[in-house]
Every structure is written in structure tokens, then in C-alpha cells.
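Some notes on the structure that comes next.
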Amino acid sequence: MKNVILVVDDDKTNLSLAQRILGSQYRIAASNSGTAALKYLETHRPDLILLDINMPEMNGFEMMEKLRSDVHTESIPVIFLTADSLAETEIKCFQMGAMDFVTKPFVPDILLSRVSKTIELDQYRHKLETMVDIQARKITEDALRLGRIQDSVIIGMANLIESRDGSTGKHVKNTQTYVRMIATELLSRGYFTQELTPTYIENLCKAAPLHDVGKIKIPDAILQKPGKLTAEEFETMKLHTTHSRKIIQTIIGDIEDAHYVRLVEDIALYHHERWDGTGYPAGLTETNIPLSARIMAVADVFDALYEERCYKPPVRPIERIMQIMSEGRGTQFDPVILDVFVDMLPQLKQILEK
Ligand SMILES: [Fe+2]
């Protein structure tokens with residue numbers, strides 16, 4: 000199929016000359032004014048525009064500005080036509096974004112050569128852009144796929160670690176669900192809006208499954224002990240937070256971005272801190288405890304009470320869990336987060352009934 004060239008020139012002699020020179024190789028559309036050409040371009044997309052500079056009503060430069068400011072025409076290559084061979088005119092043509100410049104009267108071979116080279120160049124540019132687009136899409140898809148693989152490996156690993164204490168393996172997924180619910184609800188109620196950006200919430204949910212990875216270093220005798228831990232055993236158990244941080248640094252410290260690694264470390268290290276400063280390992284108080292860990296603390300305790308563990312039966316009904324947790328309002332938990340969580344009881348029931 001022949002390439003289409005739109006020739007815009009107010010001089011009919013030039014239009015027919017262009018038709019004679021180019022007509023055998025290209026399909027020519029002719030317009031004798033910028034206005035007529037713009038009208039034509041509303042419904043057509045030529046492969047090249049030959050644009051006369053000196054035209055009454057709208058000159059070539061004015062028309063070029065209109066072409067470049069419209070997404071439908073901005074990428075159509077343009078060759079300016081003019082009887083004027085001044086260097087300034089030529090410079091202006093290129094500054095306006097023309098691909099080339101042809102002086103009138105036309106020399107047939109020069110016009111043909113410039114036109115064919117410009118169309119060829121534009122086709123290469125188009126092919127290159129398409130290839131870059133395809134590659135960029137492929138890279139994005141590969142990155143997403145790798146991200147999904149990484150996420151499922153992390154969840155699988157976390158599940159494996161959790162299963163050591165005889166829990167049902169739901170803790171990892173459940174706490175991730177509660178963390179997302181709490182963060183989303185806090186944001187919708189206007190709390191912590193500076194911190195709870197969409198990226199932060201996504202990272203928070205991605206990080207949540209890693210909160211207890213340090214339990215891998217806790218002996219089975221302590222993890223699986225059916226009764227209450229002795230003071231010494233509890234001291235060992237408390238170390239899972241610092242173990243978690245070390246493990247996280249080892250497994251994702253070099254491959255993930257620093258903000259995300261920090262978020263995962265905060266959750267792992269501080270999810271047993273308490274609002275009143277009596278938690279572990281650092282004894283941080285109130286908002287000195289990172290927001291991520293304050294949210295995780297609520298999700299973690301709720302799930303621990305809801306699910307059966309080797310050392311305790313599940314607590315029922317859910318209202319009783321909320322009652323127990325409310326006793327920790329302002330002592331164990333951030334009061335704002337706890338209040339929002341307690342208000343979410345109907346949504347929680349719906350999820351748990353499923
Ligand atoms: Fe923990």
C-alpha cells in the first residue's frame with residue numbers, strides 16, 4: 000500500500016508539481032490552506048506532511064504549532080517547503096520540529112529523496128518505539144511475576160515457621176488480612192494520612208508475614224510447650240524479635256529498597272512493644288513505636304486470641320476478644336488503632352464467617 004503524503008501549499012502550481020513528482024510512488028492529498036489541512040487531519044493520518052511556510056491566513060509555522068500541540072498529529076513527520084533559502088529560516092524550521100526542509104522551485108530528485116528518507120526514518124523510529132514498548136512491558140511483567148514468586152516464597156517460609164508451634168498455619172494470612180483492613184480503615188477515617196500512602200499500605204501487607212520469622216531460632220521445647228512459659232523461657236521467646244530482624248537483613252537486606260527493609264524490620268522488631276513502654280525488646284512508648292508495629296500488634300494479638308494454640312483454646316465469642324483487647328487500650332495498644340479495630344467488629348465477623 001502506498002504511503003500517503005499531505006501537501007499543504009496555497010500555490011496551485013506547486014500542488015500539481017508535487018503531485019507530478021511524487022504521485023507515481025505515493026498517494027497525494029492536497030490542501031491549499033492550513034485550515035483545510037487541519038480539517039483533513041481530523042479524519043486522516045498521513046505518513047508525511049509537506050508544509051509550505053509562506054501562506055496567507057495561517058502560515059506554515061502557525062500550523063506546525065497546532066500539529067505539535069495535538070496528540071493525534073504531533074508525531075506526523077513534517078518537511079517544510081519555502082522559496083526562502085535563508086539560514087535563519089532553515090534553523091527555525093528545525094527548531095519547530097521539522098524533519099527536513101526543501102526549497103522551491105522543487106528539484107524532482109531532491110524532493111523525492113528527502114521524502115523517501117524522511118518516511119523511512121519515521122518508520123524506523125516507529126518500529127523502535129514499538130520494540131521499546133514491548134520490551135518495557137515484558138520487563139514490567141517479569142518484575143511483577145518475580146515479585147509474586149518472592150511473595151509466595153516468603154509466605155510459604157513464614158507458614159513453615161509458624162507451623163512449628165502447632166498452629167493451623169492461618170496466622171500468616173490472617174494477620175496480613177487484618178493489617179490491611181486496619182490500615183485502610185485508619186486512612187478512611189483520616190488517621191495517619193501522612194504515613195498511610197498506598198505504597199506504605201502495600202509494603203505493610205507484604206511485610207506482615209515476616210513479623211515472626213525469628214521464631215525459627217526458638218527451640219521446639221519452648222515453642223510447643225503446652226503450658227505457661229517460665230521466666231527464663233519467656234526471655235528466650237522474647238529474642239524472636241531480634242532474631243527476626245537479623246534474618247530479614249540477611250534475606251532481603253540487599254535485594255529490596257531501604258524503605259521497605261526498614262518497614263519489615265520495624266514490624267518484626269517492635270510488634271511486641273506496648274503503648275505504656277512495658278513491652279519488648281526496646282521498651283518503646285506510644286508513638287515512638289513505629290506505626291507499622293502498632294498496627295501489627297493489634298492484628299497479632301487478635302489472631303492469637305481467635306485461633307487455637309498449643310498452650311490455649313480459642314477465645315469465643317469474638318465480642319469477648321474485643322473486650323479483652325479493650326482492657327489493653329492505652330496500655331498495650333495505641334488507643335486510636337484499637338478503637339478503630341473494635342469498630343470493625345461487623346466486618347471482621349463477616350470475614351471470619353467466610
Ligand atoms: Fe511475635
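In numbering that gives the first Met the number 0, the protein residues as written are 0 to 353.
C-beta: ideal position from N, C-alpha, C; glycine also.
Bridge partners - residue i, DSSP secondary structure assignment
| i | result |
| --- | --- |
| ILE27 | ILE4 |
| VAL77 | ILE48 |
| ASP99 | ILE78 |
Delimiting residues of the beta strand (DSSP E) encompassing residue i
| i | result |
| --- | --- |
| PHE105 | Looking at the DSSP string, PHE105 is not in any beta strand (DSSP E), and its letter there is neither H nor E. |
| PHE340 | Careful: PHE340 lies outside any beta strand (DSSP E), inside the alpha helix (DSSP H) at 334-342. |
Residue i - containing alpha helix (DSSP H), residue span
| i | result |
| --- | --- |
| ILE217 | No alpha helix (DSSP H) holds ILE217; DSSP gives it neither H nor E. |
| ILE200 | 197-206 |
| LEU16 | 11-21 |
| LEU185 | 170-187 |
| ILE254 | Unbroken run through ILE254: none, as it is neither H nor E. |
| THR331 | It is Gln, not Thr, that sits at residue 331 in the sequence shown. Unbroken run through GLN331: none, as it is neither H nor E. |
| TYR305 | 290-305 |
| GLU318 | 317-325 |
| ALA230 | 230-237 |
| GLU64 | 59-67 |
Rounded Cβ spacing between residue i and residue j (contact assumed at less than 8 Å)
| i | j | result |
| --- | --- | --- |
| GLU232 | ILE221 | 5 Å |
| ILE247 | GLU264 | 6 Å |
| ARG113 | VAL101 | 6 Å |
| PRO208 | ALA157 | 4 Å |
| ARG273 | GLN331 | 5 Å |
| GLU61 | GLY96 | Between GLY96 and GLU61 the Cβ distance is about 14 Å, and since that is not below 8 Å, they are no contact. |
| ASP69 | ASP8 | With 8 Å as the limit, ASP69 and ASP8 do not qualify as a contact, their Cβ atoms being about 21 Å apart. |
Reduced DSSP category for residue i - H, G, I as helix; E, B as strand; rest coil
| i | result |
| --- | --- |
| LYS116 | helix |
| LYS91 | helix |
| LYS311 | strand |
| GLY33 | helix |
| GLU140 | helix |
| MET54 | coil |
| GLN223 | coil |
| ASP275 | coil |
| ARG163 | coil |
| ASP265 | helix |
| SER151 | helix |
| LYS348 | helix |
| THR284 | coil |
| LYS353 | coil |
| HIS43 | coil |
| THR356 | Absent from the structure is residue 356, since the part of the chain shown begins at 0 and ends at 353. |
| GLN378 | The shown model of the chain, from 0 to 353, leaves out residue 378, and the question about it has no answer. |
| ASP121 | helix |
| HIS242 | helix |
| GLN248 | helix |
| THR192 | coil |
| LEU85 | coil |
Residue i to residue j span [Cα, whole Å]
| i | j | result |
| --- | --- | --- |
| ARG44 | ILE109 | 24 Å |
| GLN349 | ARG315 | 15 Å |
| ILE20 | ASN53 | 21 Å |
| CYS309 | ILE154 | 22 Å |
| GLN193 | LEU186 | 9 Å |
| ASN13 | LEU5 | 13 Å |
| LYS126 | ILE288 | 54 Å |
| GLY276 | GLN134 | 52 Å |
| ILE181 | ILE336 | 8 Å |
| ALA296 | HIS270 | 5 Å |
| SER84 | ILE90 | 11 Å |
| GLU87 | THR81 | 12 Å |
| SER30 | GLY146 | 54 Å |
| HIS210 | THR240 | 8 Å |
| ARG319 | ALA142 | 44 Å |
| GLY213 | MET236 | 10 Å |
| ASP150 | ILE250 | 13 Å |
| GLU41 | PHE340 | 56 Å |
| THR284 | SER74 | 59 Å |
| THR198 | GLN175 | 15 Å |
| LEU16 | LYS137 | 47 Å |
| PRO313 | GLU128 | 59 Å |
| TYR123 | LYS1 | 17 Å |
Min CB distance residue i to chain E below 9 Å
| i | result |
| --- | --- |
| GLU255 | Structure shown: chain E not included; a single protein chain is present. |
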